[in-house]
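J.:
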Amino acid sequence: MIQLKTMLNCIDNSGAAIVECVNVMKMKRHAKIGDRIIVVVQKQRNFGPESGPGASVSTSAANKVRRGDIRHAVVVRTAKKLQRPDGSVVKFDDNACVLINKAGEPIGTRLNGVVGTELRKMKWSKILSLAPMHL
Amino acid sequence: MATPTHTLRPLACWKSILRHTRHQKVATRSLTTYHQNVTYSKFELPPPGAKPQGPKKIKVYPAPAFPPANTKEPLKALCADQIALLDPTGARTSLFSKTNPEAAKVGDILLVRLKGGDPFAGVCINIRRRGVDTGILLRNQLTRVGVEMWYKIYSPNVEGIEVVQRREKRARRARLTYMRKPKHDMGSVQNLVLAYQRSRSGLRGSGQKEEGLKGGKKKSVRGKKH
Numbered sequence: 001m002i003q004l005k006t007m008l009n010c011i012d013n014s015g016a017a018i019v020e021c022v023n024v025m026k027m028k029r030h031a032k033i034g035d036r037i038i039v040v041v042q043k044q045r046n047f048g049p050e051s052g053p054g055a056s057v058s059t060s061a062a063n064k065v066r067r068g069d070i071r072h073a074v075v076v077r078t079a080k081k082l083q084r085p086d087g088s089v090v091k092f093d094d095n096a097c098v099l100i101n102k103a104g105e106p107i108g109t110r111l112n113g114v115v116g117t118e119l120r121k122m123k124w125s126k127i128l129s130l131a132p133m134h135l
Numbered sequence: 001m002a003t004p005t006h007t008l009r010p011l012a013c014w015k016s017i018l019r020h021t022r023h024q025k026v027a028t029r030s031l032t033t034y035h036q037n038v039t040y041s042k043f044e045l046p047p048p049g050a051k052p053q054g055p056k057k058i059k060v061y062p063a064p065a066f067p068p069a070n071t072k073e074p075l076k077a078l079c080a081d082q083i084a085l086l087d088p089t090g091a092r093t094s095l096f097s098k099t100n101p102e103a104a105k106v107g108d109i110l111l112v113r114l115k116g117g118d119p120f121a122g123v124c125i126n127i128r129r130r131g132v133d134t135g136i137l138l139r140n141q142l143t144r145v146g147v148e149m150w151y152k153i154y155s156p157n158v159e160g161i162e163v164v165q166r167r168e169k170r171a172r173r174a175r176l177t178y179m180r181k182p183k184h185d186m187g188s189v190q191n192l193v194l195a196y197q198r199s200r201s202g203l204r205g206s207g208q209k210e211e212g213l214k215g216g217k218k219k220s221v222r223g224k225k226h
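So this is what it looks like as structure tokens:
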């Protein structure tokens with residue numbers, strides 16, 4: 001149930017850590033997994049874990065977005081239960097999204113964390129292929 | 001049309017009566033009486049004056065017996081029918097029945113094998129017993145994110161449900177929703193499940209000759225556990 005002011009985790013390496021939803025696109029309802037939203041980057045990811053040998057890569061990747069940037073994103077996990085057509089229900093512990101550009105391509109190059117399989121239905125196969133696991 | 005004057009002049013009423021009939025006659029003359037029998041219906045109507053044919057024979061069904069036999073509780077019977085269809089061996093029913101002492105209970109780690117897709121394993125934190133709609137709620141952590149899945153135990157998509165590990169002590173709650181809290185969260189059960197799958201595949205590799213069929217596999221595993 002992603003709506004105005006919802007804070008989401010950003011699970012890609014675009015540099016954003018926590019983003020806030022400011023709009024749900026093409027809908028008057030709350031967003032679910034696979035829906036496109038507009039977000040404001042609220043907190044940048046620190047380069048702590050990745051500032052080892054590949055520091056230059058991670059910093060350049062981290063610089064892709066800054067705090068206060070307005071970006072498009074796709075919801076990949078929701079804490080709201082989501083029922084599948086076969087009757088099973090999936091629920092994650094957090095709300096998470098992946099930043100994309102206006103053409104729909106992910107800004108980051110890798111994802112860390114499980115994503116919902118509904119992305120396939122909504123034609124986000126590029127994000128699904130980046131994800132380490134989908135459910 | 002009586003006028004008050006006729007008591008004085010009794011014959012005077014004739015005048016008004018005659019005038020009335022004269023008016024009527026004029027009105028009648030202007031009425032058209034021309035009539036042609038034109039039908040606009042596509043179907044041929046019976047000619048006027050034809051005898052109406054007898055009433056059409058309509059098949060009449062006798063009323064069903066009430067109350068119908070063997071349906072004191074029709075929904076229960078329907079539910080039993082559906083369970084018999086979806087779970088012909090009764091294995092799934094006994095795995096979650098309340099009377100079976102070997103049944104899976106909340107707190108156990110269960111593995112749900114699916115027809116299309118990867119199996120899902122997790123701690124069972126809720127069993128919703130509603131006849132054919134019975135479902136289980138499994139919780140696990142994947143990539144350090146808590147994930148909960150509801151599965152219908154009679155769903156045709158669910159190939160099998162296996163008990164990976166039982167809880168040592170019986171849970172004192174029907175629903176272990178407190179396991180969502182960080183203090184009580186079990187974390188990932190993936191390593192337990194992997195160990196279980198490895199041991200089972202080892203067993204299956206040695207005992208494949210005598211078991212043979214796919215159906216025997218599940219039975220032997222469950223038999224070992226019981």
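Heads up: the sequence lines are chains A and B, in that order. Just so we're aligned, residue 1 is where the first sequence starts under the UniProt record's numbering, counting upward by one. Just so we're aligned, residue 1 is where the second sequence starts under the UniProt record's numbering, counting upward by one. Where is the CB? At the ideal position from N, CA and C, for every residue including glycine. Please read all numbers here as calculations on a predicted model, not as lab measurements.
Would B/Gly107 and B/Arg180 be called neighbours here (beta carbons separated by less than 9 Å)?
T.: No, the Cβ-Cβ distance between B/Gly107 and B/Arg180 is not below 9 Å.
J.: Is any beta-carbon of chain A found at less than 9 Å from that of B/Met179?
T.: No - not a single Cβ of chain A is within 9 Å of the one on B/Met179.
J.: Output the distance between the C-alpha atoms of B/Lys59 and B/Lys72, rounded to the nearest integer angstrom.
T.: So the two alpha carbons sit approximately 30 Å from each other.
J.: Using DSSP's beta-bridge definition, name the partner residues of A/His134.
T.: Its beta-bridge partners are A/Val115.
J.: Please decide whether B/Phe96 counts as near chain A, where near means a Cβ-Cβ distance under 9 Å.
T.: No, no contact with chain A.
J.: Within 10 Å of its beta-carbon, does B/Arg9 have 16 or more other beta-carbons around it, so buried, or fewer, so exposed?
T.: B/Arg9 should be labelled exposed.
J.: Less than 9 Å between CB atoms is the rule here; does B/Gly131 satisfy it with respect to chain A?
T.: Not an interface residue.
J.: Could you tell me how far apart the beta carbons of A/Arg67 and A/Gln44 are, in whole angstroms, since I believe they sit closer than 8 Å?
T.: Yes, A/Arg67 and A/Gln44 are in contact; Cβ-Cβ is about 5 Å, under 8 Å.
J.: DSSP on A/Met1, reduced to helix/strand/coil?
T.: In this structure, A/Met1 counts as coil in the three-state DSSP scheme.
J.: If you draw a straight line from the C-alpha of B/Ser201 to the C-alpha of B/Val163, how long is it?
T.: Their Cα atoms are separated by approximately 15 Å.
J.: Might you give, ordered along the chain, the residues of its own chain that have their beta carbon closer than 6 Å to the beta carbon of B/Asn126, omitting 5 neighbours on each side?
T.: Leu137 and Arg175, listed in sequence order.
J.: From B/His20 to B/Glu44, what does the alpha carbon distance come to, in whole angstroms?
T.: Near 45 Å, if we compare the C-alpha coordinates of B/Glu44 and B/His20.
J.: Between B/Asn126 and chain A, is the shortest Cβ-Cβ distance under 9 Å, so that the two count as touching?
T.: No, because no Cβ of chain A sits closer than 9 Å to the Cβ of B/Asn126.
J.: Where does B/Trp14 fall in DSSP's three states?
T.: Helix.
J.: Of all Cβ atoms in chain A, is any one closer than 9 Å to the Cβ of B/Phe66?
T.: By this cut-off, B/Phe66 is not an interface position.
J.: For the stretch 142-164 of chain B, which residues have a CB atom closer than 7 Å to at least one CB atom of chain C, in sequence order?
T.: Annotation note: the requested chain C is absent from the structure, which comprises protein chains A and B.
J.: Cutting at 7 Å between CB atoms, please list the residues of its own chain near B/His184, excluding the five before and the five after it.
T.: Correct list, in chain order: Tyr178.
J.: Using a beta-carbon distance below 9 Å, is A/Val19 in contact with chain B?
T.: Judged by the 9 Å Cβ criterion, A/Val19 is not in contact with chain B.
J.: If distances are taken between C-alpha atoms only, which option among B/Tyr34, B/Asp87 and B/Arg29 comes closest to B/Tyr131?
T.: It is worth fixing the name first, because residue 131 of chain B is Gly in this sequence and not Tyr. The residue with the shortest Cα to Cα distance from B/Gly131 is B/Asp87.
J.: What are the boundary residues of the alpha helix (DSSP H) that includes B/Lys76?
T.: Unbroken alpha helix (DSSP H) run through B/Lys76: Pro74 to Leu86.
J.: Just how far apart, CA to CA, sit A/Asn9 and A/Met25?
T.: Computed Cα separation, rounded: 19 Å.
J.: Can you pull the chain B neighbours of A/Lys91, defined as C-beta to C-beta under 7 Å?
T.: The answer, in chain order, is Glu148.
J.: I'd like the span of the alpha helix (DSSP H) that includes B/Arg175, first residue to last.
T.: Looking at the DSSP string, B/Arg175 is not in any alpha helix (DSSP H), and its letter there is neither H nor E.
J.: Using the Cβ count rule (16 or more neighbours within 10 Å means buried), how would you classify B/Ala77?
T.: Exposed, because fewer than 16 other Cβ atoms sit within 10 Å of the Cβ of B/Ala77.
J.: CB-CB under 6 Å to A/Glu118, same chain, minus the five flanking residues each way: which ones, in chain order?
T.: Closer than 6 Å at the Cβ level, and outside the excluded window around A/Glu118, lie Ile33 and Gly34.
J.: Hey, is B/Gly135's beta-carbon within less than 9 Å of any beta-carbon in chain A?
T.: It does: the Cβ of B/Gly135 has a partner Cβ on chain A nearer than 9 Å.
J.: Helix, strand or coil: which one does DSSP assign to B/Asp118?
T.: DSSP places B/Asp118 in coil when its eight states are reduced to three.
J.: For A/Met7 and chain B, any beta-carbon pair shorter than 9 Å?
T.: No, its Cβ sits nowhere closer than 9 Å to a Cβ of chain B.
J.: Would you call A/Lys5 buried or exposed, if buried means 16 or more other Cβ atoms sit within 10 Å of its Cβ?
T.: When all chains shown are included, A/Lys5 counts as exposed.
J.: Pick from A/Asp93, A/Leu135, A/Val75 and A/Pro106: whose alpha carbon is nearest that of A/Gly15?
T.: Here the closest residue by C-alpha is A/Pro106.
J.: Since B/Leu111 sits in a beta bridge, which residues does DSSP pair it with?
T.: B/Ala121 and B/Glu162.
J.: Please check the pair A/Gln42 and A/Val19, which I expect to be a contact at CB under 8 Å, by giving their CB distance rounded to whole angstroms.
T.: A/Gln42 to A/Val19, Cβ: 6 Å. Contact.
J.: Report back the beta-carbon spacing between B/Val147 and A/Phe92 to the nearest angstrom; my notes put them in contact at under 8 Å.
T.: Indeed, because the Cβ distance is near 6 Å, the residues count as touching under 8 Å.
J.: Name the chain B residues that come within less than 7 Å of A/Asn13, Cβ to Cβ?
T.: Result: empty, since nearest Cβ-Cβ is about 14 Å, beyond 7 Å.
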